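First residue of the sequence shown: 25, per the working numbering; consecutive thereafter. As structure tokens, the structure follows; a few thoughts come after it.
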Amino acid sequence: MKSLQIMALYTLIGSGIFPCRLPSADFLFPTSNRNILNPGSEDKYFVPTVGRTWPSGTFGCVRSEGFQIHEGLDIACLERDANREPRDPVSATARGIIAYVNRSTGLSNYGRYVIIAHRIEGLPVYSLYAHLSRVREDLNPGTIVTAGEEIATMGRTSNTRQKISRQRAHLHFELTFMANPNFEKWNQKRSPGSRNDHGIWHGLNLIGFDAWKLFMAQNREKNDFNLIRFIRSLTPQFRVAIKKTEFPLINYYQPLIARQDPLFPEPHEALGYEIEFDFNGLPLSIKPLHTWKSDWKSPYHLLEVDEKDFRANRCRKWVYRTGAGDWALGENGIRHLDLISFKP
Ligand SMILES: [Zn+2]
Numbered sequence: 025m026k027s028l029q030i031m032a033l034y035t036l037i038g039s040g041i042f043p044c045r046l047p048s049a050d051f052l053f054p055t056s057n058r059n060i061l062n063p064g065s066e067d068k069y070f071v072p073t074v075g076r077t078w079p080s081g082t083f084g085c086v087r088s089e090g091f092q093i094h095e096g097l098d099i100a101c102l103e104r105d106a107n108r109e110p111r112d113p114v115s116a117t118a119r120g121i122i123a124y125v126n127r128s129t130g131l132s133n134y135g136r137y138v139i140i141a142h143r144i145e146g147l148p149v150y151s152l153y154a155h156l157s158r159v160r161e162d163l164n165p166g167t168i169v170t171a172g173e174e175i176a177t178m179g180r181t182s183n184t185r186q187k188i189s190r191q192r193a194h195l196h197f198e199l200t201f202m203a204n205p206n207f208e209k210w211n212q213k214r215s216p217g218s219r220n221d222h223g224i225w226h227g228l229n230l231i232g233f234d235a236w237k238l239f240m241a242q243n244r245e246k247n248d249f250n251l252i253r254f255i256r257s258l259t260p261q262f263r264v265a266i267k268k269t270e271f272p273l274i275n276y277y278q279p280l281i282a283r284q285d286p287l288f289p290e291p292h293e294a295l296g297y298e299i300e301f302d303f304n305g306l307p308l309s310i311k312p313l314h315t316w317k318s319d320w321k322s323p324y325h326l327l328e329v330d331e332k333d334f335r336a337n338r339c340r341k342w343v344y345r346t347g348a349g350d351w352a353l354g355e356n357g358i359r360h361l362d363l364i365s366f367k368p
């Protein structure tokens, strides 16, 4: 898909014209596996990495002794054909529009995968389904799918040297936000001439959140479930003041803007924004700033770090402690803020 079309699609989703506004966020399970709803049966839902236990198939800093992120859920297969290959149907978690289909397994460690764009409570949310053996032939960017509609068949495709074994066949499922619809321009500026096979659907541009936590919250709260409240309930790991205005996140993720304080100006009058991020760099809340303190570093000033959360979830290395014992933004943190606040 040409980048112009992607922008048009994104604008459409962002504008609210896109007919995907759900009264409450009802995310469906992407396969028929429901074992996470039975406490104690998680090992029947999550597929661990080789030689590990089921938590290594969950979302978070669960790989390489806690030093590597796994940004999705690895959902176990329940149905196999005569050759013991997975055949579980994979379905859309919510109503949406097909945003991206990668049919060539060699281009990604996700193998064959599909991304669906949703708009839920005004928030652009993306769902990603990876390692598929088959993607429905008529699915193309722009195709509208309903919640629960079959889109693909589970598989074990990937371009990694170590193949996914038949036994470990699973669906890698992600729910994400998008950092910046101008990702390609940012990426070209950052590393000119670099190869990017997946356009704005590059891993750096998708900021995942924990679908397991979300399914459990939804199951607990039933009709009261609210996505914005769910996002706000996640633990902030660090808070940053950004001395930039009018970057895409502010427009696309407007429902995250806090405006309880009457002293805070409208977003368009702001000097900058204070953003709270969780351990995975997911923006949880945005506050317009009406002053910029003279001793704050520009364009990014680290305001606060939750040490306890940092200790528990440190794999993204957004922040670090300096020799003097102060907190500082690391290379990853600055890169993330550069991407989020990039305007071409
Ligand atoms: Zn995975």
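We put the CB at the ideal spot given by N, CA and C, even for glycine. What you are looking at is a predicted structure, and each value in this text was computed from that prediction instead of being measured.
Query, Result
"Candidates I188, G305, L273, R108: closest to G84 by CA position", "G305"
"Pairwise C-alpha distance: M240 and L174", "Just to set this straight, residue 174 is Glu in the shown sequence, not Leu. Approximately 23 Å, taken between the alpha carbons."
"Element boundaries [beta strand (DSSP E), containing L326]", "324-329"
"For H360, the three-state DSSP class (helix, strand or coil)", "helix"
"DSSP-derived helix/strand/coil call for R185", "coil"
"N211 and H226 closer than 8 Å at C-beta", "yes"
"7 Å Cβ shell around R340 - same chain, five flanking residues per side excluded", "I93, F303, N304, G305, N356"
"Near ligand 1: G84 beta-carbon under 7 Å from a heavy atom", "no"
"beta-carbon G172 near ligand 1 non-hydrogen atom, thresh 7 Å", "no"
"Beta carbon nearer than 6 Å to a non-hydrogen atom of ligand 1", "H94, G96, D98, H196"
"Distance between L152 and P307 (C-alpha atoms, nearest Å)", "19 Å"
"Paired residues, beta bridge with R127 - DSSP", "Paired residue(s): none; R127 is not in a bridge."
"Residue range of the beta strand (DSSP E) that includes R87", "84-87"
"DSSP-derived helix/strand/coil call for Q261", "coil"
"Short Cβ contact (8 Å threshold) for W342 with K267", "no"
"Sheet register partners of S309 (DSSP bridge)", "E300"
"Contacting residues, own chain, Cβ-Cβ under 7 Å from Y297 (five flanking each side not counted)", "I266, I274, I310, K311, P312, L313"
"Spatially closest choice to A100 from G90, S80, A118, R119, by CA coordinates", "S80"
"N- and C-terminal bounds of the alpha helix (DSSP H) containing M202", "It is not in any alpha helix (DSSP H) - M202 instead sits in the beta strand (DSSP E) that spans 194-202."
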